[in-house]
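Some notes on the structure that comes next.
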Amino acid sequence: MIQATIRDITARNTSKALQNAIFNSANFSSIATDAKGVIQIFNVGAERMLGYTSADMLNKITPADISDPQEVIARAAALSIELGTPITPGFEALVFKASRGIEDIYELTYIRKDGSRCPAVVSVTALRDAQNAIIGYLLIGTDNTARKQAEAALLKAGALQNAIFNSANFSSIATDAKGVIQIFNVGAERMLGYTSADMLNKITPADISDPQEVIARAAALSIELGTPITPGFEALVFKASRGIEDIYELTYIRKDGSRFPAVVSVTALRDAQNAIIGYLLIGTDNTARRQVEIEREMLDQALKQKNVELESAKTAAEKANLAKSEFLAAMSHEIRTPMNGVIGMIDVLQQSSLNKSQMAMANIIRDSAFALLAVINDILDFSKIEAGKLQLDCVMMGVADVVEQVCEVMDRMALKKGVELTLFTDPAIPDVVIGDPGRLRQILINLANNAIKFSSGKQRPGRVSVRVILVEIQPEQVILEFQIADNGIGIDENTLTRLFTPFIQADTSTTRHFGGTGLGLAISRQLASLMDGEITVQSTPNQGSLFSVRIPFALPTQPCSGIDQEQPTPPPITPDSYLVAGLPCLVMDGADGTADDLITYLTYDRAMVDRAADLTTARQWIANRAAGRSIVVIDARNANFPLDDLRATALAYPDSDTHFVVIGREPCEEDVNLVLVNGNVLTRRALLNAVAIAAGRAKAPDIERLLNEDEIYAAAPPLSHETMQRRGSLILVAEDNDINQNVILHQLALLGYVADLADNGRAALTRWRSGQHALLLTDLNMPEMDGYELTAAIRHAEDAGQRLPIIALTANALKSEEIRCKAAGMDDYLSKPVLFDRLQAMLEKWLPMSVAPALAVFDRTVLPALVGDEPAVLAEFLHDYRFSAQQAALEIRTAVQQCNWKAVGDGAHKLKSSSRSVGALALGEICAQLEQAGKAGDAVTAQALAIEFERDLAAVFAALHSELGA
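Listed below in structure tokens is the structure:
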């Protein structure tokens, strides 16, 4: 009898020791309260999870005080409805179900001591004494931000610990150090079908686990940890016994023989001396998640099978079209080769001094050649797409740049056909994306061309709008929608179904009236598809159509190998470069609804924008302005706007200093308190610069540069190699590509420089050692010695105090490449293609002491280089030039006398190009300067230049007299 009592006490003590170890080693928040909710126990898991110490909490607050108050209120309201009784927001809402004996597990957000939030899954149990009276509540919480873990049933001495452990809603199995089960809670009984009596001191958890999985786990752990592990209980707890966190999947076998997957979390239980006295295995039923995975796998398998079938059908269709596609490709190439020669020579011819009738004929030839080339390109692209040989480029590009270029090209066609073309680019679109700019242009040109073509020749004015909208932006990509809308003939519903079919147009009358192959839309749709995009269309007969192209573009979140930049782009508009920030602006509603776009542009760039629907509102806005500059923006493209009325109002309130920006159909110009800007394909930058000019924050030439006004670069008379060397202006070019060699040498010649050429880095190093060169332009990727190695060799060999300016020329426009070049010892960086003005600025920066060659009064080599050396032809050109120069000079003199500086600039513009073409280079340069002074309204400069103009003009006429006689 005594022996039995001792054994019973020993067993009870062992159980209590296990319970204490479980409670003190728990990885969960365990908060026990008295019946009123005041916290009595706040375990180490709660301290770790919430940041409070036990001393902060005991006998001071309730769990509701560290919970999200809005969630507590919402829970009280929901339970009131669910249980049909009013429940007060606060601690009662957290424990009401448990107080009624209802199992309660819910999600709740705890507020940590540092104010951060911790989403948790909370299990609530009412703690009862031997008489079943509630003596408190236990709230067990798990951090719900990490992988879902099982709640541990925590033990405490006496009735409280027993109540805690036996109320757990998870399978909690505690063993001794050898693995024999000592505790088997009610959650385990419910989950596995065994009773506690079936298990205690009889078996290990391995005995109710899938034996094959236990064997497999032992083998896997043996390899992972590099030590042999015996299949059995050791395999289930080995990691935990080494202090390694261990959560794994395991299949349990129920008492009835059925099986279920579980997620098991294992913890080693230790005594005060840190010795392992047992293990705690907490399991959750994983059946539902596994079922979802099985269903997903079955669905994936079905989809794969369907894809195989579709791929097989696609392959069969491709084989059927292969012969046709190969024939079309061969035919297109055969025709395309001579056509490129025709177009190239026409471009050369158009640069010469043709008379008006000759230029008209050349334009007809060029337009016809490009029309034929467009058909050939369509056929070739279609054959490539069908054959699966068309590859997309992957380059860094500016979407706004591409769209603006397309609209600039199409605007010429629109003007000829009497169609208004408008443009809007969402300012929220990133400055740089990754895509294929060439194929994007092709899609947009096809759609814009159709829109212009089908909206022209009607009684009402034709209108076409091109819009780019940011649909969605994510860290690694954006989705953009390109919308091309017109008010043309529209498309009926029957035709829409076959609209994108190759070689098919709406009907035969469409082909007769408008022309075309019917390939454009088919190619555009297939190109969009290759870009993972789509084209949709909405149309109403006789009202117009809307084509929408939605395409995803990758974002350059980090430098990408193999990704090049298409071309130099204008610098992005950043917060530091906002031109109109804080500027009060009023936008007048226009007849065609463009006010929304103007407001979007101005608002995005931080202007303070208001809107006026009528003149009365606008007058009131002007009258109420505080002192300081403000701007009124008026779109007068499609209506006669009473501008004089508003200007009169502005003059009546001089303190407000109101200026106007009027968007019209005329070239850009500036007047007193007024800036007129050309609204044809108005870009965001053009609008912002116009407003900035009106506000006095920018100068008028900014608009000229923005609109990319073409400048003619006339070749200066070539100087000898020796002269350039003597002046310290001889340039060394290292470039291995034949085409690039020709381009850079031609550009340098146009700018008046002479260069030596080396086709690899080693040859360039040899030439540099001659000591003749003032600057090096070097490609980076060359045979034998690349640009980096060449730079390193030069820097190593240079004497003290000497440093040759080295400028990199590369097609890689990534910022990282520029940084690498400068780190390698290069002084500056130019990305290809190099524009004249950028090259000129770079040379002026690094060759500041070089003296530009004086321009000749009359260079007799220029005109023959353009039109040939036939004397009769040359004489005819020079006679025509002399007559036109006399007329232009008369206009300029009259304008100078009248102080009409704009007219002075216009007259100089007319004479500038023709003078340069015939070889009157000095006069051409004076005309260029006079044009700029006239446009800027710079009277002092214009008057001074007018004197030089007369001097150079007289010299040219004298030279012509020598050539032609009287």
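One point on numbering: in full-length UniProt numbering, the residue at position 77 of the sequence shown is 77, and numbering is uninterrupted. Ideal Cβ placement from N, Cα and C applies to all residues, glycine included.
Three-state class that DSSP yields for ASN132 in the structure shown
coil
Reduced DSSP category for ALA254 - H, G, I as helix; E, B as strand; rest coil:
The amino acid occupying residue 254 in the given sequence is Arg; Ala does not appear at that position. Note: ARG254 maps to coil in three-state DSSP.
Taking the C-alpha atoms as reference points, what is the distance between ASP779 and ARG767?
15 angstroms
Please classify MET298 as buried or exposed, where buried requires at least 16 neighbouring CB atoms within 10 angstroms.
exposed
Is LEU646 closer than 8 angstroms to VAL633 when the C-beta atoms are compared?
no
Apply the 10 Å Cβ neighbour rule to ILE622 and answer buried if 16 or more other Cβ atoms are within range, or exposed otherwise.
buried
In chain order, what residues of the same chain lie with their CB nearer than 7 angstroms to the CB of GLY761, ignoring the 5 residues before and after it?
ALA734, MET782, GLU784, MET785, ASP786, GLY787, GLU789, LEU790
For the beta strand (DSSP E) that SER656 lies in, which residues bound it at each end?
First-last for SER656: undefined, no H or E at that position.
Which of the three DSSP states, helix, strand or coil, is assigned to ASN680?
coil
Along the chain, which unbroken stretches of the alpha helix (DSSP H) at least 4 residues long are found entirely within the region 63-108?
69-83, 91-99
Are the Cβ atoms of VAL478 and LEU444 separated by less than 8 angstroms?
no
Which residue's Cα is closest to the Cα of GLY141: ILE135, GLU844, VAL121?
VAL121
Distance, GLN543 Cα to LEU930 Cα:
49 angstroms
Please report the distance separating the alpha-carbon of LEU392 from that of VAL402.
16 angstroms
Identity of the residues DSSP links to GLY664 by a beta bridge
ASN678
For the beta strand (DSSP E) containing PRO871, name the first residue and the last one.
That residue, PRO871, is in no beta strand (DSSP E); its alpha helix (DSSP H) goes 871-897.
What residue from TYR106, SER914, GLY488, LEU221 has the CA that sits closest to SER455's CA?
GLY488
TYR601 in three-state terms, based on DSSP
helix
Alpha-carbon spacing of VAL754 relative to GLN741, whole angstroms
13 angstroms
CB PRO89 to CB GLU107, shorter than 8 angstroms?
no
Under DSSP, the beta strand (DSSP E) around ILE807 begins and ends at which residues?
806-810
Can you look up GLU950 in the DSSP assignment and give me helix, strand or coil?
helix
According to DSSP, simplified to helix, strand and coil, what is GLU709?
Reliability fails at GLU709, whose pLDDT of 36 lies under 50, so the model's placement of it is uncertain and no value is given.
CA nearest to the CA of ALA903, picked from ALA888, ARG685, ILE947, LEU79:
ALA888
Mark residue 967 as exposed unless 16 or more other C-beta atoms lie within 10 angstroms of its C-beta, in which case mark it buried.
Here the chain covers residues 1 to 966 and nothing more, so residue 967 does not appear.
Between ALA908 and chain B, is there a C-beta pair that is closer than 8 angstroms?
No chain B is part of this structure, which consists of one protein chain only.
Smallest Cα separation from ASP532: which of ALA218, ARG439, LYS699, ASP486?
ARG439
Since TYR279 and VAL214 should fall inside the 8 angstroms C-beta cutoff, what is the C-beta to C-beta distance between them, to a whole number of angstroms?
That pair is no contact at about 15 angstroms.
Neighbourhood of LEU221 by C-beta, 8 angstroms cutoff - its chain only, sequence neighbours within 5 removed
ILE229, ALA235, PHE238, LYS239
Which term fits GLN291, buried or exposed, when burial requires 16 or more other beta carbons within 10 angstroms of its beta carbon?
exposed
Less than 8 angstroms between the C-beta atoms of GLY919 and VAL862, yes or no?
yes
Exposure of ASP799, with buried meaning 16 or more beta-carbon neighbours within 10 Å
exposed
Counting Cβ pairs closer than 8 angstroms, one from the region 129-136 and one from the region 33-41, do we hit at least three?
yes
Let me confirm a value: ASN132 is counted as buried when at least 16 other C-beta atoms fall within 10 Å, else exposed. Which label applies?
exposed
In the DSSP assignment, what residue or residues form a beta bridge with GLY457?
DSSP, once it has assigned bridges, lists no residue as partnering GLY457.
My guess is that THR941 and ALA933 are in contact by the Cβ rule of under 8 angstroms, so how many angstroms apart are they, rounded?
4 angstroms
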